[in-house]
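Q:
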Amino acid sequence: MDNTSLKKSDLLDTLTCSIVVLDAGLAVVYMNQSAEILFGQSQQRAVGEPVALLLRSKEVLEHLALALRLSDPQSIRECIIELATGEAITIDCVITPISLRDWKNHLLLEVHRIDRKLRIVREEQVIHQQKAVHELVRGIAHEIKNPLGGLRGAAQLLESELDNPELKEYTQIIISEADRLKHLVDGMLGPSRLPHPESVNIHEVLEHVRHLVGAEVPADVQFIRDYDPSLPEFQGDRNQLVQVVLNIVNNATRVLAGSGVIVLRTRILRQFTIQQTRYRHVLKVEICDNGPGVPEHLRDKLFLPMVSGHPEGSGLGLAIAQTLVRRHNGLIHCESVPGHTCFSILIPLEEDHAAH
Numbered sequence: 053m054d055n056t057s058l059k060k061s062d063l064l065d066t067l068t069c070s071i072v073v074l075d076a077g078l079a080v081v082y083m084n085q086s087a088e089i090l091f092g093q094s095q096q097r098a099v100g101e102p103v104a105l106l107l108r109s110k111e112v113l114e115h116l117a118l119a120l121r122l123s124d125p126q127s128i129r130e131c132i133i134e135l136a137t138g139e140a141i142t143i144d145c146v147i148t149p150i151s152l153r154d155w156k157n158h159l160l161l162e163v164h165r166i167d168r169k170l171r172i173v174r175e176e177q178v179i180h181q182q183k184a185v186h187e188l189v190r191g192i193a194h195e196i197k198n199p200l201g202g203l204r205g206a207a208q209l210l211e212s213e214l215d216n217p218e219l220k221e222y223t224q225i226i227i228s229e230a231d232r233l234k235h236l237v238d239g240m241l242g243p244s245r246l247p248h249p250e251s252v253n254i255h256e257v258l259e260h261v262r263h264l265v266g267a268e269v270p271a272d273v274q275f276i277r278d279y280d281p282s283l284p285e286f287q288g289d290r291n292q293l294v295q296v297v298l299n300i301v302n303n304a305t306r307v308l309a310g311s312g313v314i315v316l317r318t319r320i321l322r323q324f325t326i327q328q329t330r331y332r333h334v335l336k337v338e339i340c341d342n343g344p345g346v347p348e349h350l351r352d353k354l355f356l357p358m359v360s361g362h363p364e365g366s367g368l369g370l371a372i373a374q375t376l377v378r379r380h381n382g383l384i385h386c387e388s389v390p391g392h393t394c395f396s397i398l399i400p401l402e403e404d405h406a407a408h
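Mind the numbering: the sequence shown is residues 53 to 408 in my numbering, read in order.
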């Protein structure tokens, strides 16, 4: 490589986006350091290999061929590609025909990975939706609770005036149904108590929940524990976190219908963004099952109150869990396909955070 090429490669290595230069046969002739990291291949190993070995995408290959044929730049937005490792990622890319002294009739492929950006945007949309629905539910719930109190009080007064035991049965029905509706409305409003921070060991929380549900879970349901022993204790409300995990595990046991696997996994994420705030360390708790999966029509509204995929479900468990985790500055998200559903609980491990 001559001095011109050396300077050129040094310049491209300073870029944070991934750059791959291809010849007219779509073989790799150069990769910058960002591309080496993204594709998990060294430049020395990739040079001379077809680009199809780096990434699998019919759409990208078609646009590369088009750029060569027309000598015209091409761009692709939100394209899903598969890496050589099998990992699927979402990218924006720009393809530019170039013709330099030592790179004639070549293509410069500029790749921007946007998975994290899309995830943050989706999280913000979900949070705004949940807040709007929660405010609506709160307003409706208060409108229901006021007449319920009057209805219950009137039934008690009426009961005190009745001598006939058979008639008192009807007033008892009114009172019990009013109490049931009040309990339901209180559930819709969500927990009112703010977190009481204490030192929490997340593995103790998970083991506590596992023992709580152990007696009720069928023998054919197996728990697999995959814990990171290096995780530190953190400040949180233990009781609220127990409720979060319990609600999700209960959901998993219901959908397994008597047999299956529930995986409890813990990890630490570094420099991770939650709700547009970047934290140095984030706790990730995964609760996964091999059940039928969340119905597609429910996936976007899974954490809204009164939404349930179970005929006997109240639709409050996941909404309450999300509220409790958000009070810890965290978030729950769900990924589900038939045969695999995974709820991820994300909670910052420290008050201070990195720059946005």
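A virtual CB, placed ideally from N, CA and C, is assigned to each residue, including glycine.
Is the beta carbon of residue 183 within less than 6 Å of some heavy atom of the ligand MG?
A: Among the components of this structure there are no ligands whatsoever, and the ligand MG is therefore not found.
Q: Skipping 5 residues on each side, what residues in its chain have a beta carbon closer than 6 Å to that of residue 287?
A: The residues are 249.
Q: Quick one: what's got a C-beta closer than 6 Å to residue 179's C-beta in the same chain, skipping five residues either side?
A: Nothing listed; no residue qualifies.
Q: By Cβ distance, which residues of its chain are closer than 7 Å to residue 143, with the 5 residues on each side in sequence left out?
A: Answer for residue 143: 131, 133, 163, 164, 165 and 166, listed in chain order.
Q: If you follow the beta strand (DSSP E) that residue 250 is part of, which residue opens it and which one closes it?
A: Run containing residue 250: 250 to 252, per the beta strand (DSSP E) assignment.
Q: Taking the alpha carbon of residue 171 as the point to measure from, which residue in 111, 224 and 329 has its own alpha carbon closest?
A: Residue 171 has its Cα closest to that of 329, out of 111, 224 and 329.
Q: Are the CB atoms of residue 103 and residue 135 within a distance shorter than 7 Å?
A: Cβ atoms of residue 135 and residue 103: not closer than 7 Å.
Q: Who are residue 279's beta bridge partners in DSSP?
A: The partner list for residue 279 (beta bridge, DSSP) is empty, contrary to what the question assumes.
Q: Beta-carbon separation of residue 278 and residue 304 under 7 Å?
A: The answer is no: Cβ separation not under 7 Å.
Q: Which same chain residues, not among the five before or five after residue 376, have their C-beta less than 7 Å away from its C-beta?
A: Around residue 376: 243, 292, 295 and 296.
Q: State the CB to CB distance for the pair residue 402 and residue 332, rounded to an integer number of angstroms; the pair is presumed to be in contact (CB under 8 Å).
A: Sure, about 6 Å apart at Cβ, within 8 Å.
Q: Count the CB pairs spanning the region 105 to 124 and the region 192 to 205 that are closer than 8 Å, and state whether there are at least three.
A: Counting Cβ pairs under 8 Å, fewer than three are found: no touch.
Q: Name the one or two DSSP bridge partners that residue 69 has.
A: Paired residue(s): none; residue 69 is not in a bridge.
Q: Where does residue 201 fall in DSSP's three states?
A: Correct three-state label for residue 201: helix.
Q: Does DSSP put residue 388 in a helix, in a strand, or in coil?
A: Correct three-state label for residue 388: strand.
Q: Within a Cβ cutoff of 6 Å, which residues of the same chain sit near residue 399, ignoring the five residues on either side of it in sequence?
A: For residue 399, where only same-chain residues beyond five positions count, the Cβ hits under 6 Å are 335, 380 and 382.
Q: Among 90, 117 and 115, which has the Cα closest to the Cα of residue 138?
A: Ranking the options by Cα distance to residue 138, first place goes to 90.
Q: For a test of the three-state rule: what should DSSP assign to residue 324, helix, strand or coil?
A: Residue 324: strand per DSSP, three-state reduction.
Q: Could you tell me which whole beta strand (DSSP E) segments of length 3 or greater appear in the region 69 to 153?
A: Those beta strand (DSSP E) runs which fall completely within the region 69 to 153 and span 3+ residues are 70 to 74, 80 to 83, 126 to 135 and 140 to 150.
Q: Would you mind sorting residue 76 into buried or exposed? The rule is 16 or more other CB atoms within 10 Å of its CB.
A: Result: exposed.
Q: State the Cα-Cα distance for the pair residue 266 and residue 114, rounded to the nearest angstrom.
A: So the alpha carbons of these two residues sit roughly 53 Å apart.
Q: Is it buried or exposed, residue 393, if we count other Cβ atoms within 10 angstroms and call 16 or more buried?
A: Buried is the call here.
Q: Using C-beta distances below 8 Å, list every residue in its chain close to residue 203, excluding the 5 sequence neighbours before and after it, in chain order.
A: So the qualifying residues of the chain are 226 and 230.
Q: In chain order, what residues of the same chain lie with their CB nearer than 7 Å to the CB of residue 299, ignoring the 5 residues before and after it?
A: Taken in chain order, the residues that qualify are 369, 370, 372 and 373.
Q: According to DSSP, simplified to helix, strand and coil, what is residue 397?
A: Strand.
Q: What are the start and end residues of the alpha helix (DSSP H) that includes residue 376?
A: Its alpha helix (DSSP H) spans residues 369 to 378.
Q: Taking residue 188 as the reference, give the member of 101, 384, 126 and 237 with the closest Cα.
A: Comparing Cα-Cα distances from residue 188 to each of 101, 384, 126 and 237, the minimum goes to 237.
Q: Between the alpha carbons of residue 281 and residue 260, how many angstroms are there, rounded?
A: The straight-line gap from Cα to Cα measures roughly 17 Å.
Q: Report the three-state DSSP secondary structure of residue 402 (helix, strand or coil).
A: Coil at residue 402, not helix or strand.
Q: Please report how far the alpha carbon of residue 149 lies from the alpha carbon of residue 80, in whole angstroms.
A: Taking the straight line from one Cα to the other gives about 14 Å.
Q: Using only the alpha-carbon positions, how far apart do residue 355 and residue 301 sit?
A: Approximately 15 Å, taken between the alpha carbons.
Q: Give me the Cβ distance between residue 161 and residue 72, rounded to the nearest whole Å; I'm assuming they're in contact under 8 Å.
A: The pair is a contact, with the Cβ atoms about 4 Å apart (cut-off 8 Å).
Q: On the DSSP bridge assignment, give the partners of residue 173 in chain order.
A: Beta-bridge pairing links residue 173 to no other residue.
Q: Could you tell me which of 112, 117 and 388 sits nearest to residue 39, measuring between CA atoms?
A: Here the chain covers residues 53 to 408 and nothing more, so residue 39 does not appear.
Q: By a C-beta neighbour count over all protein chains shown, 10 Å radius and 16 as the cutoff for buried, is residue 67 buried or exposed?
A: With fewer than 16 other Cβ atoms within 10 Å, it is exposed.
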